[in-house]
Amino acid sequence: MRSLDLSVDIAGLSLKTPLILASGILGLSGRLLAKISRAEGVGAVTTKSIGLKPRDGYPNPTIILLPYGLINSMGLPNPGAEAFLKELDEAEDLSSPLIASFYGYSVDEIVETARIIAKHPRVSALELNVSCPHVSGVYELGFKPELVAEAVSKVKKIIDKPLFVKLSPNTHLIVDVARAAAEAGADGLTAINTVKALAIDTELFRPILSGVYGGLSGPALKPIALRCVYEIYKEVDIPIVGCGGVSNSLDVVEFILAGASAVALGSVIAFKGVGVFRELAEGLSSYLERKGFRSVREIVGLSHR
Amino acid sequence: MSVYHIDRSMLDRHRRRIVRIVRRVDECLDTVSLYMHNPFSSDPIPGQFTMIWIPGVDEIPLSISYMDSCILGVTVRGVGEATRILCSLQPGDTIGVRGPLGRGFTIVKGRSLVVGGGVGVAPLRYLIYRLIDVGVDTYVVFGFRDKLHTIYLEEMEKLSVEGRIKLCIATEDGSYGFKATAYDIASRILDESFDMVYVCGPEELIRRILVLCVEKDLPMEASIEGYMKCGMGVCGSCVRGAYLVCRDGPVFDRDKLLEIGEIGLRRRRASGTIEPLL
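Here it is in structure tokens:
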């Protein structure tokens, strides 16, 4: 049982807990997103990344399970922005804010996609994905601070909802991209997307994933994600959603101490199911109580003192 | 359980094992059963599935149609690129296998009705052997398009002659058995004496049997399909209603099938786009 109020406000969103369903995880169906939004411990849910047009993604194999995480190369499958609006119509009884993730191959396409999905009343905020490591065109955008800034400022001009930018760890410029996004008007940052990775079948002498490269997520990613959040928090003033390899409540605490105002869960759902939200919320609550804190806000960035 | 919460059994089930095909059986003109050395370290439950990797082509879900301590069997109908290539494989060829995956059928003692249509009979074959093993009074109804598309016929008739199952075969054109659909036959047989109804086949069949089981208040389980990608409950591609076929299924009970609602009415493509079936 949680006795402590875990609610947080981030970039204009009010969340019951700081725990968010990360993009790419289960977020295809409106009905399933709504069901997850009602699960105990969930603060917000994020959709799969939506583009302007439908995309099948890559043929299988698209995922590899390792003792320390997952490598996925789904290839951004999605039904396209217009069809996704109908999907959201089915997301009845949403009980947490819904963040719509989206992408584009160019600034124009990003803006057009944002225009379509932002108008749905069930979309509380948008998250711009410029960091998918297995789809070229989307992957490289996230390395270019000036392009990210241009996309953010153009999107912000046409939407009246908070905009997050999901950052790529596959560049030494992550802080520069974060700063550029913030200066261009982004309301928040999600750090990080997966790390570009590879696996080879030693019997068949070939890469396992049909898309060859994939993104590494799960426990192996956590220290890298934590370092990114820490570095960004030092330099950039907008709120950060920490994301990468969280598997227990102390991982959540670490991200918040590093500077995250909320934390997104992804791969851990493959290992523990949706019930993990409740487990981590309870763990976070007991941690705060044990250390004598009354809210999540009190420990955001505390490791920087 | 490891400190990272990726438990060993999950790692084991999702490791792609490269195995050699030891035997192929042409079941009918477009359907083949492939047999390989059992790569699993745990005993699968009937209704569970495998992900079969054809390197360079695709990795697709197939239900387990045969299992003993040494041999794993799957039955595949050639309908797309990956399934046609699988149907062309010969003994000695290699494929990758992971599994057993998903939730299988619940074995209920007493009297059961097993209803299958087309290649949907694949998981039911393994189920039938398990039902016989535990002494369930098993009534089998299989329906096919015509005689040329019948599967497991000799095998089922042998079980029937031996008195281990009661069997009814139907073809739509009457070229073998009754001229009827599996639904027609099942709807005549179904009464309150059955303790469980198992179904796999075209969704139209599943939907109609579901309606019947709800009317008669009979327990029912059906194996359904979704567009499978990760097979481990994380990508969401195989979602039906608010359930994942790979993790919550592929076998669902009557109440969950009702909750899903869309059985036989619509499905998703690779992109997640919904297409109507009617």
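Residue numbers (numbering that gives the first Met the number 0), protein chains in the order written: chain A, 0 to 304; chain B, 0 to 277. Where a beta carbon is used, it is the ideal one built from N, C-alpha and C, also for glycine.
Please report the distance separating the alpha-carbon of L93 (chain A) from that of V139 (chain B). Along the first sequence, read from residue 1 onward, the residue named residue 93 (chain A) stands at position 94. Along the second sequence, read from residue 1 onward, the residue named residue 139 (chain B) stands at position 140. Each residue's alpha carbon lies about 43 Å from the other.
Is it the case that the stretch 135 to 152 of chain B contacts the stretch 219 to 232 of chain B, given that we only count it when at least three CB pairs across the two stretches are under 8 Å? no
What is the DSSP secondary structure of F254 (chain A), reduced to helix, strand or coil? Numbered from its first residue, the first sequence carries residue 254 (chain A) at position 255. Three-state result, F254 (chain A): helix.
S284 (chain A) versus P66 (chain A) - alpha carbon distance: Against the first sequence, residue 284 (chain A) aligns to sequence position 285. Against the first sequence, residue 66 (chain A) aligns to sequence position 67. Between the alpha carbons of S284 (chain A) and P66 (chain A) lies a gap of roughly 29 Å.
I'd like to know whether the C-beta of L10 (chain B) is nearer than 8 Å to at least one C-beta of chain A. Sequence index remark: in the second sequence, residue 10 (chain B) carries index 11 (1-based). Chain A, which has a Cβ nearer than 8 Å to the Cβ of L10 (chain B), makes this yes.
Report yes if the C-beta distance between P275 (chain B) and L257 (chain B) is below 8 Å; otherwise report no. For the purposes of this step, residue 275 (chain B) is identified with residue 276 of the second sequence, where counting begins at 1. For the purposes of this step, residue 257 (chain B) is identified with residue 258 of the second sequence, where counting begins at 1. In this structure, L257 (chain B) does not lie closer than 8 Å to P275 (chain B) by Cβ.
Looking at chain B, is there any beta carbon in it that lies within less than 8 Å of the beta carbon of A269 (chain A)? Sequence index remark: in the first sequence, residue 269 (chain A) carries index 270 (1-based). So yes, A269 (chain A) belongs to the interface.
Please report the distance separating the alpha-carbon of E39 (chain A) from that of L97 (chain A). Working through the first sequence from its first residue, we reach residue 39 (chain A) at position 40. Working through the first sequence from its first residue, we reach residue 97 (chain A) at position 98. Looking at the two C-alpha atoms, the distance is approximately 15 Å.
Is F48 (chain B) near the ligand HEM - that is, is its Cβ less than 7 Å away from at least one heavy atom of it? Absence of the ligand HEM from the depicted structure is noted, as is the absence of any ligand whatsoever, leaving it without description.
Within 10 angstroms of its Cβ, does T201 (chain A) collect 16 or more other Cβ (buried), or is it exposed? In the first sequence, the residue the question calls residue 201 (chain A) occupies position 202. Residue burial annotation: T201 (chain A) is exposed, with fewer than 16 other C-beta atoms found within 10 angstroms of its C-beta.
Indicate the three-state DSSP secondary structure (helix, strand or coil) for L61 (chain B) in the structure shown. As a first step, residue 61 (chain B) must be located in the second sequence, where it is residue number 62. Of the three classes helix, strand and coil, the one that applies to L61 (chain B) here is strand, per DSSP.
With DSSP as the reference, please indicate the residues paired to P218 (chain A) in a beta bridge. Here the question's residue 218 (chain A) lines up with position 219 in the first sequence. DSSP output for P218 (chain A) lists no bridge partner at all.
Extent of the continuous alpha helix (DSSP H) to which S100 (chain A) belongs: Along the first sequence, one-based indexing puts residue 100 (chain A) at 101. Per DSSP, S100 (chain A) belongs to no alpha helix (DSSP H); it is in the beta strand (DSSP E), L97 to F101.
Counting C-beta neighbours from all protein chains within 10 Å, is the total for D57 (chain B) 16 or more, i.e. buried, or is it exposed? Along the second sequence, one-based indexing puts residue 57 (chain B) at 58. Buried, since its Cβ has 16 or more Cβ neighbours within 10 Å.
With a threshold of 8 Å between beta-carbons, can A82 (chain A) be considered close to chain B, or not? Locating residue 82 (chain A) in the first sequence gives position 83, counting from the first residue. Closer than 8 Å: yes.
If the cut-off is 7 Å on Cβ atoms, which residues from the stretch 44 to 58 of chain B count as contacting chain A, listed in chain order? W52, P54, D57 and E58
Answer with buried or exposed for D250 (chain A), where buried requires no fewer than 16 other C-beta atoms within 10 angstroms of its C-beta. If you number the first sequence from 1, residue 250 (chain A) lands on position 251. It is buried - the Cβ of D250 (chain A) has at least 16 other Cβ atoms within 10 Å.
Residues within the stretch 73 to 107 of chain A neighbouring chain B, beta-carbon criterion of under 9 Å: Within the stretch 73 to 107 of chain A, contact with chain B at the beta-carbon level (separation under 9 Å) is assigned to M73, P76, N77, P78, G79, A82, F83, K85 and E86.
Helix, strand or coil at S87 (chain B) [DSSP, three-state]: By 1-based counting over the second sequence, the position of residue 87 (chain B) is 88. In the structure shown, S87 (chain B) sits in a helix (DSSP, three-state: H, G or I).
Whole angstroms are fine: how far does the CA of N59 (chain A) sit from the CA of A263 (chain A)? Numbered from 1 along the first sequence, position 264 holds the residue referred to as residue 263 (chain A). Numbered from 1 along the first sequence, position 60 holds the residue referred to as residue 59 (chain A). Near 26 Å, if we compare the C-alpha coordinates of N59 (chain A) and A263 (chain A).
So which residues on chain A does G235 (chain B) lean against when the C-beta distance must stay under 8 Å? Taking the first residue of the second sequence as 1, we reach residue 235 (chain B) at position 236. Within chain A, the residues near G235 (chain B) are I24, L25, G26, L27, S28, L31 and K47.
Taking the alpha carbon of E149 (chain A) as the point to measure from, which residue in A:F254, A:L127 and A:V134 has its own alpha carbon closest? Indexing the first sequence from 1 puts residue 149 (chain A) at position 150. E149 (chain A) has its Cα closest to that of A:L127, out of A:F254, A:L127 and A:V134.
Anything in the stretch 195 to 219 of chain A with a Cβ closer than 8 Å to a Cβ of chain B? List those residues in chain order, please. D200, E202, L203, R205, I207, S209, G217 and P218
Taking Cβ positions only, does S270 (chain B) come closer than 8 Å to chain A? Taking the second sequence and counting its residues from 1, one reaches residue 270 (chain B) at position 271. Answer yes: the Cβ-Cβ gap between S270 (chain B) and chain A drops below 8 Å somewhere.
Does S1 (chain B) come out as helix, strand or coil in the three-state DSSP assignment? Residue 1 (chain B) sits at position 2 when you count from the first residue of the second sequence. Low local confidence applies: a pLDDT of 45 at S1 (chain B) is under 50, so the model's placement there is unreliable, and no value is given.
Anticipated Cβ contact below 8 Å, L256 (chain A) with I298 (chain A), distance rounded: Position 257 of the first sequence, counted from the first residue, corresponds to residue 256 (chain A). Position 299 of the first sequence, counted from the first residue, corresponds to residue 298 (chain A). L256 (chain A) to I298 (chain A), Cβ: 6 Å. Contact.
Against chain A, with Cβ distances strictly below 8 Å, would K228 (chain B) count as a contact? Counting from 1 along the second sequence, the entry for residue 228 (chain B) is found at position 229. It does; some Cβ of chain A falls within 8 Å.
Ignore the nearest five residues each way along the sequence and tell me which others in E86 (chain A)'s own chain have a CB closer than 6 Å to its CB. The residue given as residue 86 (chain A) occupies position 87 in the first sequence. Same-chain partners within the cutoff: G29.
Go through the stretch 128 to 195 of chain A residue by residue and report every complete run of the alpha helix (DSSP H) that reaches 4 residues or more, in order. 144 to 157 and 173 to 182
Per DSSP, L87 (chain A) is paired with what? The residue given as residue 87 (chain A) occupies position 88 in the first sequence. L87 (chain A) pairs with nothing; no bridge assigned.
In the stretch 10 to 27 of chain B, which residues sit with their C-beta less than 8 Å from some C-beta in chain A, listed in chain order? Answer in chain order: L10, H13, R14, R15 and I17.
Rounded to whole angstroms, what is the Cα-Cα separation between G72 (chain B) and L10 (chain B)? In the second sequence, residue 72 (chain B) corresponds to position 73, counting from 1. In the second sequence, residue 10 (chain B) corresponds to position 11, counting from 1. Each residue's Cα considered, the two are about 22 Å apart.
Rounded to the nearest angstrom, what separates G210 (chain A) and G101 (chain B) at their Cα positions? Taking the first residue of the first sequence as 1, we reach residue 210 (chain A) at position 211. Taking the first residue of the second sequence as 1, we reach residue 101 (chain B) at position 102. Approximately 25 Å, taken between the alpha carbons.
Cβ neighbours of P32 (chain B) in the same chain (closer than 6 Å, five flanking residues each side left out): In the second sequence, counting from the first residue as 1, residue 32 (chain B) sits at position 33. Residue 32 (chain B) is actually Ser in this sequence, not Pro. Contacts found: V24, E26, G72 and T74.
Residue range of the alpha helix (DSSP H) that I17 (chain B) falls in? The residue labelled residue 17 (chain B) in the question sits at position 18 within the second sequence. First-last for I17 (chain B): R16 to C27, but that is the beta strand (DSSP E), not the alpha helix (DSSP H).
L257 (chain B) CB to nearest chain A CB: under 8 Å? Translated into positions along the second sequence, residue 257 (chain B) becomes position 258. So, not an interface residue.
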